[in-house]
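Asker: Chains A and B are the protein sequences, given in the same order.
Taking my numbering as reference, the numbering of the first sequence is continuous, increasing by one, and the terminal residue is 355.
Taking my numbering as reference, the numbering of the second sequence is continuous, increasing by one, and the terminal residue is 710.
There are 2 protein chains.
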Amino acid sequence: MTAQDPPSTAPPEPACPLPSRHYGQVVMAHGGGGRLARELLETLVQPAFANPYLAARHDSAVWAQGEQRFAFTTDSYVVKPLFFPGGDIGKLAVCGTLNDLAMAGARPLFLSAALILEEGLPLADLQKILESMAQAARAAGTWIVTGDTKVVDRGKGDGLYVNTAGVGLIATAATIAPSAVRPGDAVLLSGDIGRHGIAVLAHREGLAFETALESDCADLSGTVLALLEAGLEVHCLRDLTRGGLAGALFEIAHTAGLDIHLQEPAIAVPEAVRGACEILGLDPLYIANEGRFIAFVPAAQADRALALLRADPLGAGAAHIGQVVGPGGTVQLETAFGVRRVLDLPSGEPLPRIC
Amino acid sequence: MTAQDPPSTAPPEPACPLPSRHYGQVVMAHGGGGRLARELLETLVQPAFANPYLAARHDSAVWAQGEQRFAFTTDSYVVKPLFFPGGDIGKLAVCGTLNDLAMAGARPLFLSAALILEEGLPLADLQKILESMAQAARAAGTWIVTGDTKVVDRGKGDGLYVNTAGVGLIATAATIAPSAVRPGDAVLLSGDIGRHGIAVLAHREGLAFETALESDCADLSGTVLALLEAGLEVHCLRDLTRGGLAGALFEIAHTAGLDIHLQEPAIAVPEAVRGACEILGLDPLYIANEGRFIAFVPAAQADRALALLRADPLGAGAAHIGQVVGPGGTVQLETAFGVRRVLDLPSGEPLPRIC
Chain A
1 MTAQDPPSTA PPEPACPLPS RHYGQVVMAH GGGGRLAREL LETLVQPAFA NPYLAARHDS
61 AVWAQGEQRF AFTTDSYVVK PLFFPGGDIG KLAVCGTLND LAMAGARPLF LSAALILEEG
121 LPLADLQKIL ESMAQAARAA GTWIVTGDTK VVDRGKGDGL YVNTAGVGLI ATAATIAPSA
181 VRPGDAVLLS GDIGRHGIAV LAHREGLAFE TALESDCADL SGTVLALLEA GLEVHCLRDL
241 TRGGLAGALF EIAHTAGLDI HLQEPAIAVP EAVRGACEIL GLDPLYIANE GRFIAFVPAA
301 QADRALALLR ADPLGAGAAH IGQVVGPGGT VQLETAFGVR RVLDLPSGEP LPRIC
Chain B
356 MTAQDPPSTA PPEPACPLPS RHYGQVVMAH GGGGRLAREL LETLVQPAFA NPYLAARHDS
416 AVWAQGEQRF AFTTDSYVVK PLFFPGGDIG KLAVCGTLND LAMAGARPLF LSAALILEEG
476 LPLADLQKIL ESMAQAARAA GTWIVTGDTK VVDRGKGDGL YVNTAGVGLI ATAATIAPSA
536 VRPGDAVLLS GDIGRHGIAV LAHREGLAFE TALESDCADL SGTVLALLEA GLEVHCLRDL
596 TRGGLAGALF EIAHTAGLDI HLQEPAIAVP EAVRGACEIL GLDPLYIANE GRFIAFVPAA
656 QADRALALLR ADPLGAGAAH IGQVVGPGGT VQLETAFGVR RVLDLPSGEP LPRIC
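(1) How would you call A:V62, buried or exposed, if buried means at least 16 neighbouring beta carbons within 10 angstroms?
(2) Let me see if you follow: with CB-CB separation under 7 angstroms, is B:T428 close to chain A or not?
(3) If you follow the alpha helix (DSSP H) that B:K505 is part of, which residue opens it and which one closes it?
(4) Under the DSSP definition of a beta bridge, which residues are partnered with B:G521?
(5) Closer than 6 angstroms by C-beta to A:P350: which residues in its own chain qualify, once you throw out the five before and the five after it? Chain order, please.
(6) So, is B:P436 buried or exposed, given that buried needs 16 or more other C-beta atoms within 10 angstroms?
(7) Could you please give the first and the last residue of the uninterrupted beta strand (DSSP E) stretch that includes B:I676?
(8) Kindly provide the ranges of any alpha helix (DSSP H) runs that are 4 or more residues long and lie completely inside the region 194–220 of chain A, ordered along the chain.
(9) What are the start and end residues of the beta strand (DSSP E) that includes B:H318?
(10) Quick one: residues in its chain with C-beta nearer than 8 angstroms to the C-beta of B:Y432, no 5 flanking neighbours on either side, listed in chain order?
(11) Determine the burial state of A:F337: buried for a count of at least 16 other Cβ atoms within 10 Å of its Cβ, exposed for fewer.
(12) Suppose the cutoff is 7 angstroms on Cβ atoms and the five residues either side in sequence are ignored; what does the same chain contact list for A:T330 look like?
(13) Taking 7 angstroms as the limit between beta carbons, can you name the residues of its chain near B:R597, skipping five residues before and five after?
(14) Let me know if A:A134 comes out buried or exposed under the rule of 16 or more other beta-carbons within 10 Å of its beta-carbon.
(15) Reducing DSSP to helix, strand and coil, say where B:L613 ends up.
(16) Can you list, in chain order, the residues of its chain whose CB lies under 6 angstroms from that of B:P625, leaving out five sequence neighbours each side?
(17) Excluding sequence positions up to five away, which residues of its chain have a Cβ less than 7 angstroms from the Cβ of B:P361?
(18) For A:P346 and A:R35, which I take to be in contact (beta-carbon distance under 8 angstroms), what is that distance rounded to the nearest angstrom?
(19) What residues in its chain sit with their C-beta under 8 angstroms from that of A:E334, if we drop five residues either side in the sequence?
(20) From the beta carbon of B:A662, is the nearest beta carbon of chain A less than 7 angstroms away?
(21) Considering only heavy atoms of the ligand NAP, does any lie closer than 6 angstroms to the CB of B:G386?
(22) For A:A311, count the other beta carbons within 10 Å of its own beta carbon; 16 or more makes it buried, fewer makes it exposed. Which is it?
(23) Taking the straight line between their C-alpha atoms, what separation do you get for B:P533 and B:S487?
(24) So what does DSSP say about B:I709, is it helix, strand or coil?
(25) Anything in chain B within Cβ reach of A:I116, meaning under 7 angstroms, just list it in chain order.
(26) Beta strand (DSSP E) containing B:R696: first to last residue?
(27) Would you verify that the beta carbon of A:A61 is, or is not, closer than 7 angstroms to some beta carbon of chain B?
(28) Determine, using beta-carbon pairs with one atom in the region 587–594 of chain B and one in the region 470–483 of chain B, whether at least three such pairs fall under 8 angstroms.
(29) Starting from B:E689 and walking both ways along the alpha helix (DSSP H), at which residues does that stretch end?
(30) DSSP has A:Y161 in a bridge; who is on the other side?
(31) Tell me the residue span of the beta strand (DSSP E) that contains B:I531.
(32) Rounded to a whole number of angstroms, what is the C-alpha to C-alpha distance between A:G147 and A:A102?
(33) In chain order, what residues of the same chain have a beta carbon less than 6 angstroms from the beta carbon of A:Y53, not counting five sequence neighbours either side?
(34) So B:S545 packs on B:A657, CB below 8 angstroms; how close in whole Å?
(35) Less than 7 angstroms between CB atoms is the rule here; does B:F651 satisfy it with respect to chain A?
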C-alpha cells in the first residue's frame, strides 16, 4: 500500500470467530433443531458460558445437594399461532419444561413462568393461556411459584412469548444422559411421530387434511417415572421436540460417540402426517413432537419396558425401533427393503415457530 | 323482547371478570411497576396459578428441602436498546436474577438463560452479550448451566429478549419477606437512586446531560450476604427495579399492612438524574434502579448495618431513609419543610422498556 492508495473500503475483520460467517447475523434456522442451531451453541454459547453442566448437552442441568440430586431446565416458547388443535402456548410451555425435567429422570418440584406480552393482546386470550398453564402444572402435581411479566410495543412480539423454567428432584440413583448409552442398548419410541409440527403448521397455514390432526402436546413425567419406579435401567431419555426423532437421535449418537441403527417399519407415522409430509416435501423423522420420547434401555429389558410404556395412554403406541451398535456417531435407517441410509442433521427446523 | 326485535348487537359479556375493563387488552402500563401491573397480577395471574408460594409476593419463591432452604426466581428482559451506558441486556439479565435471589437472602447456585433472537441480529452483538452474561455470572461465583434459543421473524422482536432464572441456597435461618417487617424497623437505602432508568432513557432518546450518567446495574448478592453473615436481623430486602423506590416501598407497606414514613432529604438523587427528571416531568422516586436495594432492620441495628453497607463499594452511599411506624399500608414522605405527602402507586412505569 502506498501513500496514494485510497482509504481501504474492505469491511473490518470481525472481532471474533463467528459461526455462519456468510450470514454474520441471526437467521431463522438458528432456532431450529439442526446444524445451524448446533453451530450457534458450540461456537458462541458454550465457549462464552463454558462449564461442565452445560457441556453435558442434556435437557436439564443436574447437580447434587446433600443426599439429593436436582435438575434445572428452561425453555422459551414462541409458537405461532398461540392456540392450535390440541393445545396452546401455555400448555406447551408447561409440558415442555415438565418433559425436560422428566428426561433427566426428575419429578417436578416447582415451575416459573415469565411472560412477554405484546401491547394489544386480548386479556381474554391471556386468561385462557394462564388457566391452561395452571391446569397443566396442577395435573403434574406441581405449581408455578414465581414469575414475571413484561410488555413490548405493538408489533414487537407475536401476542405472547412464554418462558418456563423448572426445578425437579431426580428419582433415580442412576445417571440418565447421552454419556450413559451403551452398545447393545435398545431404542424405544413412545408413540407415533409428527403430530405436533404438522398440526401447528396446518392450523397456521389454513391447510385442511382428511383426518383432523391434533398436537400430541402432553406431560410425560408420569410415563417416565413409571419406568424408573419399576427399577428399569434407563440409560438415556430424550423428548422429540425441535429436530424431531432424527434430531434427538443424531444428538445422542454424536454426544455418546456411538452408531445407532433404526428399523424404519417400526416407526409409526399417522396417515395424516404422512400425507401432509408428502404434499409439503417434509420428512416425518424431522418433524417436532411435544408428547413423544425415546428411551435407551439394555436389550434384555426392552420387552418389560415396552409393556410398561404401552400400559400408559401416553405410551400406547410404543415400539422398539432400533439399537445402539457400537462406536461411531451416526444414525442409520434401515428401510423395509433392507436399504440402509445415514441420517443427516438438517441445517434448521423444517417448520419454524412450532414451539 | 318480542319476536320482532332485531338480533341484539350488544357486545357479549366477557366470559371472565377482566381487569382494566376499559382496555380489554394488554397496554404498556401492564408491564410497569404500577397499579395496572398489580391489577394484572391480582386479577389474572394469581387467581389462575393460586398457590401460597406465589401469594408471598416476594422476589423469589422459597422452599425447604431437607435441612436446606432454596430460592427460585425468574425474569425476562426486553430493555431497549440492548447496549446502554453501564451495561447491556446480558449483564442486566444476570444481575437482575442474582439480585432477586439475594433479596430472599440466597447465595446463587445456578442460573439459566433463554434467548429469543430476532432474525437479523448481528452475531457479533449476540457474542458481546453472551460474554457479558458469562462475566457477570462468573463474578458472582455461579454458572449458567442450562438454556434455550428461539428465533422469531424479522420485526417480531427487538433484536433480543433474554430470560434468566436462578436457584439459590438461603444463607440465613430467618424469614426475609414483607411479612417479617415490624413496626419500628429502620428503612435503609443502599445508594442514590434513578441512575438506571435515566441512563437507558437518555441513551435511547439521544438526550445529552451535562454529566454522563451510567446505569447502576450490579450484582448485589455480596453486599446482602455481608449483612447476613454479620448476624444482622434483616427483616426484608427489595431491589428497586420497575416502580423505583416508591414502588418497592408501596408493595411492602401494602403486603405487610404497615405504614412507612420516609425522610426525603435522606434520599440521595444524583444531580444528572434530578436535572433529567425536572426537564421530563418525572419523579426520581419512581425511576427504576438495577443496583440499589432497601433493607428493613430493627432500629437498634441500623447504625451497624449502615456501617457494613458503606464498607462495600455498592453500598457506599447507603443511608437511613425512614422507618416503619405501625399498622396501615401507606408510604408517606416528609419533605425538608416538614410537609408530609402520601405516595401513590402510578398506573405504570413512567419509562417503558428499561429492563
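Each residue gets a CB set at the ideal place from its N, CA and C atoms; glycine is no exception.
Here the structure is a predicted model, which is why all the values come from computation and not from measurement.
Answerer: Concretely, from the data shown:
(1) Buried: at least 16 other Cβ atoms inside 10 Å.
(2) The Cβ of B:T428 sits closer than 7 angstroms to at least one Cβ of chain A.
(3) Not the alpha helix (DSSP H): B:K505 falls in the beta strand (DSSP E), residues 498–507.
(4) Paired residue(s): B:T428, B:L466.
(5) Excluding residues within five positions, the ones whose Cβ falls inside 6 angstroms are L282, Y286.
(6) It is exposed - the Cβ of B:P436 has fewer than 16 other Cβ atoms within 10 Å.
(7) B:I676: member of the beta strand (DSSP E) spanning 674–682, first to last residue.
(8) Look at the region 194–220 of chain A and you find these whole runs of alpha helix (DSSP H), each 4 residues long or longer: 195–205.
(9) An answer regarding residue 318 of chain B cannot be provided, because it is not within the stretch 356 to 710 covered by chain B.
(10) These residues qualify, in order along the chain: I444, L447, A448, G451, Y516, V517, N518, T519, C710.
(11) A:F337 comes out exposed.
(12) Here the set comprises A253, D259, V342.
(13) Excluding sequence neighbours, B:R597 sits near G387, G388, A643, E704, C710.
(14) Under a 10 Å Cβ-count criterion, A:A134 is classified as buried, with 16 or more other Cβ atoms of the shown protein chains found around its own Cβ.
(15) Reduced to three states, the DSSP call for B:L613 is strand.
(16) Taking C-beta separations shorter than 6 angstroms and ignoring five residues to either side along the sequence, the partners of B:P625 in its chain run D547, following chain order.
(17) The predicted model places B:P361 with a pLDDT of 39, which falls under 50 and marks its position as unreliable, so this point remains unresolved.
(18) Taking a contact as a CB-CB distance under 8 angstroms, the pair A:P346 and A:R35 counts as one, their CB atoms being some 7 angstroms apart.
(19) Cβ neighbours of A:E334 beyond the five flanking positions: H261, L262, Q263, E264, R340.
(20) For B:A662, the answer is no, since every Cβ of chain A falls outside 7 angstroms of its Cβ.
(21) As presented, the structure is devoid of all ligands, the ligand NAP included, so that no description of it is given.
(22) A:A311 comes out exposed.
(23) The C-alpha of B:P533 lies about 32 angstroms from the C-alpha of B:S487.
(24) In the structure shown, B:I709 sits in coil (DSSP, three-state: anything other than H, G, I, E or B).
(25) Here the neighbours are S431, V433, Y516.
(26) Element bounds for B:R696: 695–697.
(27) So yes, A:A61 belongs to the interface.
(28) No: fewer than three Cβ pairs fall under 8 angstroms.
(29) Careful: B:E689 lies outside any alpha helix (DSSP H), inside the beta strand (DSSP E) at 686–689.
(30) The partner list for A:Y161 (beta bridge, DSSP) reads A:I116.
(31) It is not in any beta strand (DSSP E) - B:I531 carries neither H nor E in the DSSP assignment.
(32) Counting only the Cα atoms, A:A102 lies some 22 angstroms from A:G147.
(33) If we look at A:Y53 and ignore the five residues flanking it on each side, its Cβ neighbours are A61.
(34) Contact flag wrong, Cβ pair sits at about 13 angstroms.
(35) Output row for B:F651: interface = no.
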